[in-house]
Structures are given as structure tokens and as C-alpha cells.
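The numbers in the UniProt record's numbering rise by one with no breaks, and the one at position 214 of the sequence shown is 214.
Written below as C-alpha cells is the structure these notes are about.
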Amino acid sequence: MGSRNFGVQMNLAELPPEMLLCITNKLCTAKDLLSFSLINKNMSSIIMGALYSFNIKEQGSSALFWAAQYDKLQTAQILLQTPGATADVVFEGNTPLIVAARFGSQLVMELLLQNPSTQLNATNPLGQTALYCAAANSHSITVSRLLRENGLLVNCPDIMSGWTPLAVAVLHGHSDVIQCFLSDGRADINTVDKHTRTPLFHAVQHDRSRIVEILLTDTRTNVTHRDSKGCTPLLDAARRGFYSSMNILLRHPDIEVNVYDSFSLSPLWYAVGFRSVDTAQQLLNRGATAHMMNGSHSSPLQRAISLQHMAMIRLLLEHPGVRPLPGTSDVGSRLGPNPLFTAVLVGRSDILELLLSSGLDTNVQDEEGRTPLALAASIGHYEDVKQLLHHQNTNPCITDYDGWTALHEAAIQGRLSVVQLLLSNPRVDINAKDEHGQTPLWWATFRMYPCVAQWLLHKDNINVNTIGLDQTTSLHHAVQAGNIAVARALLRREDLDPNSLDRFGYSPLRIAVSNGDISMVQLLLTRKDLLLYNDSPAQRPPSYGSGRWKRWKLIQTPLMIAIKEGYCEIAILLLQRTGSRINFQNWRGETALLLAVRGGHTEVVEHILRNPAVNVHLTDNSGHSALWWATHKESSSGIQRLLLIAHLTAQVRAYEKCVGTEISLHQWNDGIFNVGIDYRTSQQLCSGQTNNSLFLFIVLFLMVEIWNSALA
């Protein structure tokens, strides 16, 4: 028997719908469902419903959001009619209505608005509603349609910045959307964001003058509101230099022009800073106060002067409220520093001339007590000094809080031409003293301006003996600086005191010696009234230091300093001058001779020993004489020989006084002495005591001779 086939072959498309749906339920992906539906048209109509259901159940109705984005009305209708579909589904944080509003899909949005499950005020994770998204993307038709819905929250702010739909429309410059909100009337035009800025601020900050004008058409707009920085819309526009917006704001009847931000700056100050003459004129016409200063004590007029803007300066000076009253001081007032100071600082004589012609007070003082003339003298602006000095109301003798006049300021800064100009005025006192008694000459030498000092010294009435706070004089300064020219000019003055002591007890000579300046020492020694050591109680300085250093600093002669520092030429110069206190001892008991011996200065020792007043027997506080130091410090044989001769001479002279004899000593080149003794009376010869003394002297002399020969 042949085989028999009982199978029945059927086409997939011929399957009953029930079986097709069973197969569809077994498919797990939208891709498989879509492929299955594309087998033929009959299957597509049956399976597409299953595909929509799958999207709703398994894919969060993503197809509905796609339809909302691209405004696919038919797809949206099918999806919303599918069992299980809802219009308030959330996909990636957004609802279908928010997506439709963002992209301006009017057809789908209308469908959604008719669906009772749609939530008008639903927000995404950023707090943005459908109205917010439509306003941000300039969909004015969408905004108008949403505003017709009851229960819509018009002023709902976002989370990030606190912007409302109206604020975000202003921020992005969507004028049509703004008109929709204003026509509706429910939007709060003065609502604030997290920085307390209203929508008007956003329009001003982006210089959207057209939107500013639109907002100001609403009578509810608050033009005086302040943000967190204290700015009003007018101030904000001024500080950004947006003058088109400023001009529109200035037309508002409620605008306030005399307002100040956290830096105490006004709209007029900013207008001046941006050199906008027209805007400044409008502000002045609206009553702006031009003389009010900011936190840095700068008024609009001073700002214009700093910018050297002549047109702006003239405009402000023409305003009656700009200038301080003549004869009044501005120190600590609301006017701030006088504009003359600013004009002097910029150094523009034409600006200064313009200010002076307006009647400003030339004798006004700043916080340090300086006048404009003193400031100009300090800076060295010759033309400014000339204008101020020749002004009929200027007083050149006004002092600041340190007692400085304009001449002091010029001398302190070394402004020679200004000093000459000031002294051409007979009212200027060349010897004016500050609070410490210091004159312009004292300051010129102290600051080491030799040209100024020499020019002042040519004046007959100059005081050359001014003593400063540190007890120094101009001669001290010149000597310390080593300025021979100034020192010579000072020493030519017969009224100069060359022996003045500073607070350390130092005379000019001592300073010159300490510096090793032999030229200065020679110059000082030309004065016959110069004291080589000034120990006058009247000029002795107050106590300085403590302990032994107190005496060491004070009790040192210039000669001792020169020897100690090794300035032998200076020491010899001083030794050639009488009055050098050759036997003076310091706190250690050291004399000039002892210091010279210890320093090994043979030539200095020789010059000291030539002085008949020298005492070679003096010892220091340790009991050591110069001869002791010469033998123990391994000094040169020349020094030792000189000291031995000096000691021998001293012994002979002492013997002369003792025995009443006259002994002549003759030194040969080889160092051997002959002694000639003339007895004045025969009685002395017969005296045993005298003979014994003479005998002892001769023995001592012979011992010294033996030592001397050995050294030689």
C-alpha cells in the first residue's frame, strides 16, 4: 500500500484572527510585532492594535510623546482610544501636554486639552509647566490657547531660577508671547525670581528696549523695585550702559533718578562714566542730584574730571546743584572732596581753569588737611600751582594736619621749579615750621634733594639751624649723605652752628669721621668754631641705650672713632687741630694713644706723642698702659721705641720737677741719648738725697738704654 499524507497546508495570512492574536501575544518586542504586521494589509489592520497596546503597557506610551512632538494627530487619537491609555502619562519626566506645548504641536495639544485626564499644571523635574515651555519657545498661539483654559496656573515658577512663564518670555525676548500674557491680565508682572528681579529687570539686562516699552504700557509695572543688589531697573540699565532702555525708563512718570546701588553709585554717575552726555542731560532734567558722592567719595563731577571729558564737565557745571558753595569746606560732607583736587590729580590745567572760573573754593582742605595748592605742589604740576597761586582767594600759608604748607610739600618731593614759583609770592614763608619745627630746607636736606637745598641756601633769610624731631640739622643730613656741595653751602653761612648734636649725641664731625669721609672732615675743619669734641651740658643729648652701651655710644671723641675704625689720615687731620682732648678716656678707660697702639697705627702714635699734653702713663680699666699693650700685642718695634722714648721723657721731666734740675735730652738717629745735667746749686750736689736720686735715675736710664739698644 502506498503511503498516505494526512497533513493540511495553510497560509499564515489565512489563519483566523483569533489565532493571529494568540501569536501576537507571544511576541516580546515592538520590532517583532511591527514585522509581523507588515506581512500583508489584512494582518496589519489586525496586529497594529496589539502594537499600540504593547507600546502603552511595555513602553510607557512613548508613541504618544512622539505624536505630541511631531503633531501626529491620528496616532495620538488611536493611542488615546486604546484600552489602558491615559493623557497624563509621564515619560522621562514630561507629560504629553508639556511636549506638545514645547514643540508647538497645536493639533495634538488640542486633543490633549479635550481629554479629561490631562493635567494642565503638571510639571517636569525642572518645575516647568506646559505654559512655561510654550512661552520659553515663543509659541504665542499655544500660549493663547492654554490661557483660555480654566484652572491654569499662570504664575507658576520653575525650580532652578524662580522664573515664571512671563519672566522666561521676557528673558528670551518673545514680544508676542508677552503681549498674550499682558492681554490676559492674570500674569503677575512684578513677580520676582530668586534674585528678586522682576520681568522688567530681565528686559533691561538684555537691553531689549522694545520689551521694556511693552512692559511699561502696563500700569501695574513697578519701576522702583530693587533687586538683591539694591539696583532698580534704571540703575541696572545705567551700570550696563544700556541707554536706549534708560531713555524709555526716564519717560515713566514714577521713575526715581536719585537712587543708589550697593556701591553708592547713581544713574548719573554711571552715565558720566560711560561718557553719555545726552543721557546725563536727561537725568539732570529729571532732577538728578549731580553733587552726591559715592562710597569712594567721588561725585559725578569728579568722575567727569577723572575722565577728562570737557563736554561733560561743562554740562555738570551748568547745573545749579553741582558746585559746592564757595568758602565752604567739603571735609566730611555729603559733597565729598572738592573737584579741584581731582583736577589737580589729572594734571589738566584747562580743566582747572574751567573749575576756577566757576567759583570753587581754592582753600578747601581734604581729609589730610591739604589744599589744592599743596597737592599740586606735592605732585609737581607747575601750571596748576601757577593758576592756584595767582588766584585772588588762594592762601598759600594754610597748613595741613602735619603742619606742612605748600612749600613743605614741594621741598619734600624735590620740586625745584615749584619751590621757586612759590617763593616768588611774598606771602610764602621760607622758614615755615611744621608741627615738629621742621622747615622746607630741613626736609630738602633730609630727603636728599641737593638742588632744592642749594637754591634755598641762596636766600638771605633762610634758617640753617632748624632742629628736627630727631634733633638733626641740615648739616647732619648733608654730612650723612656725603653731599659736599650742600655742606659747603651750609658752612659758608656764618650763622650756622656746626656743633649741634642729634639725639644720639652725634655731631656732624663725628658722623663724617664714622663714615670715613676725609673730604667732608677737611671741609668741616675749615670752620674755626668747630669743636672736635662737644661735651657741653647744654647740648648733651638725653640718655641713650642701657648699661655699658649707654656710655660707649655717648663718650667717644671723633679722634678715637677715627683711630678705632682705622682712618689714619682723618686721625692725623684731627691731631693737627688743637682741642682734640688727647687724654680723653672712654668708658673702658681707653685713650687715643692706647687705641692707636692696639691698632698698630705707627704714624698716628707718632703724631699723638708729639703733643706735649699727652699722658703716656694712663691705663685702661684693666690697669694696662700703652707700653704694656705695645709689648704684649706684638706691636712694631717703631711703636715700642716711640713709647719707650715717651716714657723716658716723662720720667726725666718728672725728675726735673723733683730735684729742680734742668735736663736736656738729645736724640740721635741710633736712638742713644746723651744726658747733660746742670746743677743750679752746689747745695743740691752735696745733698745725699739728691745724689741718691740722681744715681737711681742714671741706673734706670742705663737699663732703658740697654733695652733700647736690644730692640734696635
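Note that beta-carbon positions come from the ideal geometry of N, C-alpha and C, so glycine has one too.
Query                                                                                                                                : Result
VAL89 vs GLY60 beta-carbon contact at 8 angstroms                                                                                    : yes
The stretch 270–278 contacting the stretch 295–313, beta-carbon criterion three pairs below 8 angstroms                              : yes
GLN556 versus ARG581 - alpha carbon distance                                                                                         : 11 angstroms
Rounded separation between THR475 and ARG577 - CA only                                                                               : Note that residue 475 is Leu in the sequence shown, not Thr. Approximately 21 angstroms, taken between the alpha carbons.
Helix, strand or coil at PRO537 [DSSP, three-state]                                                                                  : Residue placement at PRO537 is poorly supported in this model, since its pLDDT is 45, which falls under 50; the coordinates are not used for a value here.
Runs of alpha helix (DSSP H) lying entirely within the stretch 440–518, each at least 4 residues, in chain order                     : 440–446, 450–457, 474–481, 484–491, 508–514
Chain-order list of residues whose beta-carbon lies under 7 angstroms from that of LEU316 (same chain, five-residue window excluded) : ALA290, PRO300, LEU301, ALA304, VAL322
Simplified DSSP assignment, three categories, for PRO612                                                                             : coil
Beta-carbon proximity list for ASP184, same chain, < 6 angstroms, skipping 5 on both sides                                           : LEU147
When GLN413, MET448, TRP455, TRP404 are compared against LEU423, the one with the closest alpha-carbon                               : TRP455
Nearest-angstrom beta carbon gap, ARG348 and GLN387 [assumed within contact, 8 angstroms]                                            : That pair is no contact at about 11 angstroms.
Backbone CA spacing between LEU111 and ASP188 [nearest angstrom]                                                                     : 29 angstroms
Element boundaries [alpha helix (DSSP H), containing ASP176]                                                                         : 175–184
Collapsed DSSP secondary structure at PHE274 in the structure displayed                                                              : coil
Which residues DSSP lists as bridging THR619, in chain order                                                                         : SER625
Exposure of LEU469, with buried meaning 16 or more beta-carbon neighbours within 10 Å                                                : exposed
Enclosing alpha helix (DSSP H) for ASP384 [first to last residue]                                                                    : 382–390
One or two residues paired with PHE91 in a DSSP bridge                                                                               : ASN94
Rounded C-alpha distance that separates GLY230 from THR224                                                                           : 11 angstroms
Residue range of the unbroken alpha helix (DSSP H) whose run includes CYS133                                                         : 130–136
Alpha-carbon to alpha-carbon, VAL418 and GLU565                                                                                      : 43 angstroms
GLU353 in three-state terms, based on DSSP                                                                                           : helix
Any non-hydrogen atom of the ligand SAM within 7 angstroms of LEU283 CB                                                              : Ligands displayed in this structure: none; no statement on the ligand SAM is therefore possible.
Residue burial classification, CYS397 (beta-carbon count within 10 angstroms, cutoff 16)                                             : exposed
Cutoff 7 angstroms; reference ALA512; Cβ partners in own chain excluding five residues on either side                                : VAL479, MET520, VAL521, LEU524
Below-8 angstroms beta-carbon distance, LEU107 vs any chain D residue                                                                : The chain inventory of the structure shown lacks chain D, comprising one protein chain alone.
Rounded Cβ spacing between ARG493 and VAL464 (contact assumed at less than 8 angstroms)                                              : 5 angstroms
Through-space distance from SER378 to ILE572, alpha-carbon basis                                                                     : 46 angstroms
Local conformation of THR142 per DSSP, three classes                                                                                 : helix
Contacting residues, own chain, Cβ-Cβ under 7 angstroms from PRO339 (five flanking each side not counted)                            : LEU301, GLN302, ILE305, LEU355, LEU360
ILE462 and LEU441 closer than 8 angstroms at C-beta                                                                                  : yes
Beta-carbon proximity check, ILE141 vs GLN119, cutoff 8 angstroms                                                                    : no
VAL204 and PHE242 closer than 8 angstroms at C-beta                                                                                  : yes
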